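The UniProt record's numbering numbers the first residue of the sequence shown as 1 and each following residue consecutively.
Cβ coordinates follow ideal geometry from the N, Cα and C atoms, glycine included.
Quick caveat: nothing in here was measured; it's all calculated off a predicted structure.
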Amino acid sequence: MTELRIITASTRPGRVGPAVSAWLEALCASLPSIQARVLDLAAYDFPIFDEPKHPRLGQYEHALTRRWANDIASADAFVFVLPEYDHMPPASLINAITYLSKEWQYKPAGLVSYGGLSAGLRAAQALKPMLAALKMVPLVESVAIPMIADKVSNGVLENTQPLQQAAEQMLIELQRWSGALKTLR
1 MTELRIITAS TRPGRVGPAV SAWLEALCAS LPSIQARVLD LAAYDFPIFD EPKHPRLGQY
61 EHALTRRWAN DIASADAFVF VLPEYDHMPP ASLINAITYL SKEWQYKPAG LVSYGGLSAG
121 LRAAQALKPM LAALKMVPLV ESVAIPMIAD KVSNGVLENT QPLQQAAEQM LIELQRWSGA
181 LKTLR
């Protein structure tokens, strides 16, 4: 069983990230080998990184950081659901990632990006070296959702065959990489 954490990156009002994360979580529910749970960064309400000690030490002073560390450490793999803001990942995501170090290591990371015409791909590409710097393995397989405003209605993402196929392929690879990296964790 692969313990997957789907991380909803956007925290701003009017965001559609929760709809995208819910769609992926529902898809995971049909796969008996994956146990998925959504971690919505808006629910954590992180301040700008404020731990007094470096994250690599794992000596977290704040209860919020300890909760975040437990949620991340319990995962075998991640999917980051992210929009593109000014060609970059949301600051909320970069800030949340910065809080931890060892909890991220030797785990695969899938990306589900969304946006306008570019489908958030520039943000996804910018995020990959950041993940690799923390010893995560960003996958080639991903999901890119263009023109997201046309695909979400009443808080629900329209499930299309191309989206579902891309997500299923990404999830298959997440499981493979998770198993392969387990000996390093």
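Taking Cβ to Cβ, would you say residue 219 is nearer than 8 Å to PRO83? Since the first residue of the chain shown is 1 and the last is 185, residue 219 is not available in this structure.
From GLY120, LEU184, VAL137, pick the residue whose C-alpha is nearest to that of VAL112; which is it? The residue you call residue 112 lines up with position 112 of the sequence shown. When only C-alpha atoms are compared, the closest one is GLY120.
DSSP three-state label for ASP40, please. Taking the sequence shown and counting its residues from 1, one reaches residue 40 at position 40. Three-state result, ASP40: strand.
Exposure label - LYS182; buried when at least 16 CB within 10 Å: For the purposes of this step, residue 182 is identified with residue 182 of the sequence shown, where counting begins at 1. Flag for LYS182 reads exposed.
Length of the line joining the Cα atoms of ALA77 and MET130: Residue numbering aside, residue 77 sits at position 77 when the sequence shown is read from its first letter. Residue numbering aside, residue 130 sits at position 130 when the sequence shown is read from its first letter. Answer to the nearest angstrom: the Cα atoms are 16 Å apart.
What are the uninterrupted segments assigned as alpha helix (DSSP H) that are 4 or more residues long and contained completely in the stretch 91-142, given in chain order? 91-98, 121-133
Between ASP40 and THR65, is the Cβ-Cβ spacing less than 8 Å? The residue you call residue 40 lines up with position 40 of the sequence shown. The residue you call residue 65 lines up with position 65 of the sequence shown. Not in contact: ASP40 and THR65 (Cβ atoms no closer than 8 Å).
Quick one: residues in its chain with C-beta nearer than 6 Å to the C-beta of THR98, no 5 flanking neighbours on either side, listed in chain order? Residue 98 sits at position 98 when you count from the first residue of the sequence shown. Cβ neighbours of THR98 beyond the five flanking positions: PHE49.
Label VAL156 either buried or exposed according to how many other C-beta atoms from any shown protein chain fall within 10 Å of its C-beta, with 16 as the threshold for buried. The count along the sequence shown starts at 1 and reaches residue 156 at position 156. The residue in question, VAL156, is exposed, as its Cβ has fewer than 16 Cβ neighbours within 10 Å.
Is ARG185 helix, strand or coil by DSSP? Within the sequence shown, the letter at position 185 stands for residue 185. Three-state result, ARG185: coil.
For THR11, collect the residues of the same chain with a Cβ closer than 6 Å to its Cβ; drop the 5 residues on either side in sequence, then sort them by chain order. Taking the sequence shown and counting its residues from 1, the one referred to as residue 11 is at position 11. Correct list, in chain order: LEU41, ALA42, SER92.
On the DSSP bridge assignment, give the partners of ALA144 in chain order. For the purposes of this step, residue 144 is taken as the residue at position 144 of the sequence shown. Paired residues: SER113.
So, is ALA96 buried or exposed, given that buried needs 16 or more other C-beta atoms within 10 angstroms? Position 96 of the sequence shown, counted from the first residue, corresponds to residue 96. Buried, since its Cβ has 16 or more Cβ neighbours within 10 Å.
Can you grab the Cα-Cα spacing for the pair TYR60 / ALA73, in whole Å? Reading the sequence shown from its first residue, position 60 is the one you call residue 60. Reading the sequence shown from its first residue, position 73 is the one you call residue 73. C-alpha separation (whole angstroms): 14 Å.
Distance, Cα to Cα, ASN70 vs LEU27? The residue you call residue 70 lines up with position 70 of the sequence shown. The residue you call residue 27 lines up with position 27 of the sequence shown. Straight-line Cα distance between these residues: approximately 25 Å.
Where does GLU158 sit, in a helix, a strand or coil, going by DSSP? The residue labelled residue 158 in the question sits at position 158 within the sequence shown. DSSP places GLU158 in coil when its eight states are reduced to three.
Kindly identify the DSSP beta-bridge partner or partners of GLU88. Here residue 88 corresponds to residue number 88 of the sequence shown, with the count starting at 1. What sits at residue 88 in the sequence shown is Met, not Glu. BP columns for MET88 point to TYR85.
When you compare only the Cα positions, how much space is there between LEU139 and ALA109? The residue labelled residue 139 in the question sits at position 139 within the sequence shown. The residue labelled residue 109 in the question sits at position 109 within the sequence shown. Take the alpha-carbon of LEU139 and the one of ALA109: they are about 6 Å apart.
Residue range of the unbroken alpha helix (DSSP H) whose run includes residue 221: Residue 221 is absent from the structure shown; the chain starts at 1 and stops at 185.
Which stretch, first to last residue, makes up the beta strand (DSSP E) that contains GLU51? Reading the sequence shown from its first residue, position 51 is the one you call residue 51. Segment: none, GLU51 is in no beta strand (DSSP E) and carries neither H nor E.
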